[in-house]
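Report on the structure given below.
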Amino acid sequence: MKKRHFPLFAARLCIFPLSCALALLLGCARPAWSQAQPKEGVDVGKPSSMARLVPAGQVEQAAGQQYEQLKQAAIQKNALAPPDDPRVRRIREVARRILPFTPKWNPRAAEWKWEINLIGSRQINAFCMPGGKIAFYTGIIDGLQLSDDEIAIVMGHEIAHALREHARERIAKQVATNAGANILSHALGLGRVGSTAVGASAGLLSLKFSRDDETEADTVGLELAARAGYDPRAGITLWRKMQAANKGAPPQWFSTHPGSANRIKEIERHLPQVMPLYQRALQAGVPVRP
Ligand SMILES: [Zn+2]
Numbered sequence: 086m087k088k089r090h091f092p093l094f095a096a097r098l099c100i101f102p103l104s105c106a107l108a109l110l111l112g113c114a115r116p117a118w119s120q121a122q123p124k125e126g127v128d129v130g131k132p133s134s135m136a137r138l139v140p141a142g143q144v145e146q147a148a149g150q151q152y153e154q155l156k157q158a159a160i161q162k163n164a165l166a167p168p169d170d171p172r173v174r175r176i177r178e179v180a181r182r183i184l185p186f187t188p189k190w191n192p193r194a195a196e197w198k199w200e201i202n203l204i205g206s207r208q209i210n211a212f213c214m215p216g217g218k219i220a221f222y223t224g225i226i227d228g229l230q231l232s233d234d235e236i237a238i239v240m241g242h243e244i245a246h247a248l249r250e251h252a253r254e255r256i257a258k259q260v261a262t263n264a265g266a267n268i269l270s271h272a273l274g275l276g277r278v279g280s281t282a283v284g285a286s287a288g289l290l291s292l293k294f295s296r297d298d299e300t301e302a303d304t305v306g307l308e309l310a311a312r313a314g315y316d317p318r319a320g321i322t323l324w325r326k327m328q329a330a331n332k333g334a335p336p337q338w339f340s341t342h343p344g345s346a347n348r349i350k351e352i353e354r355h356l357p358q359v360m361p362l363y364q365r366a367l368q369a370g371v372p373v374r375p
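With the numbering used here applied, the sequence shown corresponds to residues 86 to 375, in that order.
Set out below in structure tokens:
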């Protein structure tokens, strides 16, 4: 069941659930009503137990410190967008709608002190650090001309990394494979941030996720966006934009988020699981966006 090309995380995608197998076996004996009920939501299996080697609170605390340092560095460069910036309002609105659906994926998320900030930088990048510390760079919003739906896909993806504790697991892996003093503080990036101004190149932000992590974040992110009333099909247009940008100067985003060639196909494969959630959110009266 587990497929581990990379040892850090196993993304288990249940693409052919038992109910589908039964449907094939039973054929027309299956009641008509059930044939019209596609399975809702995605299934990526349980998080890896390896992450437990490192206390979640410690990772979240380190992330909080590093996020604060990045914010301060941005303030000093006059690069932290003010709350009345229309783009800040957009990303905070997207977050406001997505966040209620996060505890389903990680109960700790209900206690996280979420922060959503916009940093002035041409980098095509965004992140959500452990503990719910989100930042978008103006380069990804302006450079890719993101719609609100596409912002929700990016945010859902980043939040999914935090919810599934991919950074915590990477750190646990480093601790497990590197015996020696101070390895945990080194893995957490403590004492290494502060010299890098606005750049996302130190500490927890320099962790590179595995392709399995990426697939999982794409999948969970689609569901988060859909439940919040954002069109999951924007995942396709987002990745086309990313690919087009990649032909010039590769987006910074790719340095920590290695994608696979069939990323769009994977997203298309999960659309039947999340489109009903999106449609239901619309019917429930999600505010109409301009
Ligand atoms: Zn990612």
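Each residue gets a CB set at the ideal place from its N, CA and C atoms; glycine is no exception.
What number of angstroms, rounded off, separates the C-alpha of Gly279 from the C-alpha of Asp298?
-> Residue placement at Gly279 is flagged as unreliable, the pLDDT there being 37, under the threshold of 50; a coordinate-derived value is accordingly withheld.
Just mark Gly224 as buried or exposed, buried being the case when its beta carbon has 16 or more other beta carbons within 10 Å.
-> buried
Do you know offhand how far Asp316's Cα is from Ala159's?
-> 32 Å
Contacting residues, own chain, Cβ-Cβ under 7 Å from Arg312 (five flanking each side not counted) | Phe186, Leu362 and Ala366
Mind checking who Lys218 pairs with in its DSSP beta bridge?
-> Glu200 and Met214
Please confirm whether any heavy atom of ligand 1 lies closer than 8 Å to the CB of Asp128.
-> False, no ligand heavy atom lies under 8 Å from that Cβ.
CB-CB under 7 Å to Ala106, same chain, minus the five flanking residues each way: which ones, in chain order?
-> Note on Ala106: pLDDT 42, under 50, position unreliable in the model; the coordinate value appears next. If we look at Ala106 and ignore the five residues flanking it on each side, it has no Cβ neighbours.
Where the alpha helix (DSSP H) containing Asn331 begins and where it ends | Ala319 to Asn331
Beta-carbon proximity list for Ser340, same chain, < 8 Å, skipping 5 on both sides | The answer, listed in chain order, is Lys293.
Under three-state DSSP, which class holds Leu165?
-> strand
Do the stretch 246-255 and the stretch 190-202 meet, that is, are 3 or more Cβ pairs less than 8 Å apart?
-> Contact between the stretch 246-255 and the stretch 190-202 is present: three or more C-beta pairs spanning the two stretches fall below 8 Å.
Please list, in chain order, all residues of the same chain as Ala148 whose beta carbon is under 7 Å from its beta carbon, the five residues on each side excluded.
-> Met214, Pro215, Gly216, Lys218 and Leu289
On a CA-only basis, which of Trp199, Leu203 and Glu125 is nearest Pro171? Give me that one, please.
-> Leu203
Glu243, buried or exposed, once every other Cβ within 10 Å from all chains shown has been counted against 16 = By the Cβ-count criterion, Glu243 is buried, with 16 or more other Cβ atoms from all chains shown falling within 10 Å of its own Cβ.
Write down the C-beta distance between Asn163 and Trp338 rounded to the nearest angstrom, noting that I regard them as a contact closer than 8 Å.
-> Going by Cβ atoms, the distance from Asn163 to Trp338 rounds to 24 Å, so no, they are not a contact pair.
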